[in-house]
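Residue numbers (my numbering): 1 to 465.
What follows is the structure, given as structure tokens:
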């Protein structure tokens, strides 16, 4: 593969809700360690190379931590009070914007008291970025928490280049219209030079909303506003393909995968699911589809087993607690109805796994089920594909995940169609090996070419003048 053309070097300032590091340990033994995740993986080496800073919240209220350096990157904590965390993060970000942007799967809540703290925190982030940035720097703002920052920063520092990337879907016009602060959000985003989305549909939705609610004119890919040209487009985020591939080849990971297969039953097909415990992920419907497959006798617990890893998320929120109870009830029902001695139908883990252990599960699984109701991208699908160096395995993927736009050779399903998902599971278990290998080979080629570094480079190049 020819060497990738890198974007022109310039200092870069990352503005995100969280810093790329987290505290580990207690008391005097406390230290900062790098967080996991695709964004941190992609941007850390670029920041180390270019210089610049990463601005974000430490995760703790009323935290007095000042600027510090870690692993060759300048960290600039942006503080929030406990009251601001509640209104800005838990309420408007997660009870208004998150459900609205995910097709209103849950009815969003609109409370005028939450908007003031959202503006205040966005202004604080913008002012922090303005202090750190130098003339000609590239400031890259991330995600739905900080949609007002681009315009606020442009007011303070018109001498920097500004990019914004939305990691979750941008909703269609008829849903975005619900938002009482729709015009303010659009004007905030139009402060950027480039506004990026996971899919072309997201870029279209934004451009059409901008033309409706502001004086902006133009097309789905280029807008004219306030005497400036703003580019909009899709920049699907990805993973560090090589790192996942190499991790899957470590002897200890291979041994762990073999142990998982032995413990679950070497002759059984393993259907793996890895999700945050969130209502957007469609976990209950997926379990019901597996239950239907067993009910139809299209497969038995001698033939297959489902493994559901559900990483806890927002557990104090009542509707998340109710969702967890529903999922656990379905797991209990399926296991009660279909398990046999030594053959449990569904293994359910409500916890996060260390990265190498998670890769071992990817390696052990014959089928990966990624069936969210709505997702900006879903990197789990890409991580699974990266571990399949022998082109084995089958990916069953929701057509409403952003990843489906690139990964057309997966078995695509409608996550609301329990019968269709059940049939797809049956097909995945019994698929012709030659067909499965061809599909996986094409998926791997796609993700290898468009890894997380390609994503970052393509966006940075778009923002360069």
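Using N, Cα and C, we set each Cβ at its ideal position, and we do this for glycine too.
Proximity of residue i and residue j at Cβ, strictly below 8 Å
{"i": "residue 40", "j": "residue 22", "result": "no"}
{"i": "residue 106", "j": "residue 319", "result": "yes"}
{"i": "residue 167", "j": "residue 143", "result": "yes"}
{"i": "residue 253", "j": "residue 360", "result": "yes"}
{"i": "residue 188", "j": "residue 159", "result": "no"}
{"i": "residue 356", "j": "residue 247", "result": "yes"}
{"i": "residue 121", "j": "residue 152", "result": "no"}
{"i": "residue 132", "j": "residue 13", "result": "yes"}
{"i": "residue 198", "j": "residue 377", "result": "yes"}
{"i": "residue 407", "j": "residue 272", "result": "no"}
{"i": "residue 19", "j": "residue 104", "result": "no"}
{"i": "residue 453", "j": "residue 165", "result": "no"}
{"i": "residue 283", "j": "residue 366", "result": "no"}
{"i": "residue 185", "j": "residue 210", "result": "no"}
{"i": "residue 287", "j": "residue 324", "result": "no"}
{"i": "residue 265", "j": "residue 307", "result": "no"}
{"i": "residue 262", "j": "residue 303", "result": "no"}
{"i": "residue 426", "j": "residue 298", "result": "yes"}
{"i": "residue 466", "j": "residue 62", "result": "Summary: the structure shown does not reach residue 466, with the chain confined to residues 1 through 465, and so no result is reported for it."}
Those residues which DSSP pairs with residue i across a bridge
{"i": "residue 224", "result": "217, 229"}
{"i": "residue 70", "result": "73"}
{"i": "residue 234", "result": "197"}
{"i": "residue 57", "result": "18"}
{"i": "residue 347", "result": "307"}
{"i": "residue 40", "result": "Answer is none; residue 40 lacks a bridge partner."}
{"i": "residue 12", "result": "52, 138"}
{"i": "residue 369", "result": "396"}
{"i": "residue 34", "result": "21"}
{"i": "residue 375", "result": "401"}
Option in the options with minimal Cα separation from residue i
{"i": "residue 78", "options": "64, 430, 167", "result": "64"}
{"i": "residue 124", "options": "90, 17, 48", "result": "17"}
{"i": "residue 169", "options": "96, 100, 241, 110", "result": "100"}
{"i": "residue 446", "options": "240, 464, 296", "result": "240"}
{"i": "residue 392", "options": "153, 364, 161", "result": "364"}
{"i": "residue 195", "options": "141, 155, 243, 119", "result": "141"}
{"i": "residue 450", "options": "383, 423, 427", "result": "383"}
{"i": "residue 172", "options": "201, 155, 163", "result": "201"}
{"i": "residue 300", "options": "335, 11, 325, 323", "result": "335"}
{"i": "residue 161", "options": "228, 96, 115", "result": "228"}
{"i": "residue 24", "options": "50, 145, 418, 60", "result": "60"}
{"i": "residue 15", "options": "231, 265, 83, 130", "result": "130"}
{"i": "residue 242", "options": "448, 37, 154", "result": "448"}
{"i": "residue 226", "options": "219, 215, 185", "result": "215"}
{"i": "residue 313", "options": "190, 94, 339, 157", "result": "94"}
{"i": "residue 116", "options": "177, 324, 134, 88", "result": "88"}
{"i": "residue 145", "options": "157, 217, 210, 86", "result": "86"}
{"i": "residue 380", "options": "358, 366, 341", "result": "358"}
{"i": "residue 405", "options": "244, 82, 443", "result": "443"}
{"i": "residue 138", "options": "150, 35, 163, 118", "result": "163"}
{"i": "residue 315", "options": "90, 126, 67", "result": "90"}
{"i": "residue 296", "options": "423, 30, 213, 257", "result": "423"}
{"i": "residue 474", "options": "102, 42, 67, 76", "result": "Here the chain has residues from 1 to 465 only, and residue 474 is not among them."}
{"i": "residue 119", "options": "430, 84, 257, 110", "result": "84"}
{"i": "residue 111", "options": "98, 92, 127", "result": "92"}
{"i": "residue 177", "options": "222, 31, 213", "result": "213"}
{"i": "residue 285", "options": "298, 416, 156", "result": "416"}
{"i": "residue 44", "options": "126, 346, 71", "result": "71"}
Residue-level contact to chain D via CB, residue i, 8 Å cutoff
{"i": "residue 156", "result": "In the structure shown, chain D cannot be found, because there is only a single protein chain."}
Proximity test, residue i beta-carbon vs the ligand GTP heavy atom, cut-off 7 Å
{"i": "residue 435", "result": "With respect to the ligand GTP, the structure offers nothing, as it holds no ligand at all."}
Is it true that the segment 172-191 meets the segment 52-68, where meeting means three or more beta-carbon pairs spaced less than 8 Å apart?
-> No, the segment 172-191 does not touch the segment 52-68.
Check whether the segment 389-401 touches the segment 412-431, taking contact to mean three or more Cβ pairs, one atom from each stretch, closer than 8 Å.
-> yes
Note down, one range per segment and in chain order, each alpha helix (DSSP H) of at least 4 residues found wholly within the segment 112-192.
-> 112-132, 149-156, 173-176, 182-189
Between the segment 422-439 and the segment 230-250, do three or more beta carbon pairs fall short of 8 Å?
-> no
For the segment 202-210 and the segment 347-355, state whether three or more C-beta atom pairs, one from each stretch, are separated by less than 8 Å.
-> no
For the segment 317-334 against the segment 365-384, are there 3 or more C-beta pairs whose distance is under 8 Å?
-> no
Validate contact between the segment 386-393 and the segment 285-302 using beta carbons, cut 8 Å, 3 pairs | Three or more Cβ pairs closer than 8 Å define a contact, and the segment 386-393 falls short of that threshold against the segment 285-302.
Can you list the alpha helix (DSSP H) stretches of 4 or more residues lying completely in the segment 383-434, in chain order?
-> 418-430
What alpha helix (DSSP H) runs, 4 residues minimum, are completely inside the segment 268-343?
-> 283-295, 318-338
Complete beta strand (DSSP E) runs within the segment 77-104 (minimum length 3 residues, chain order) | none
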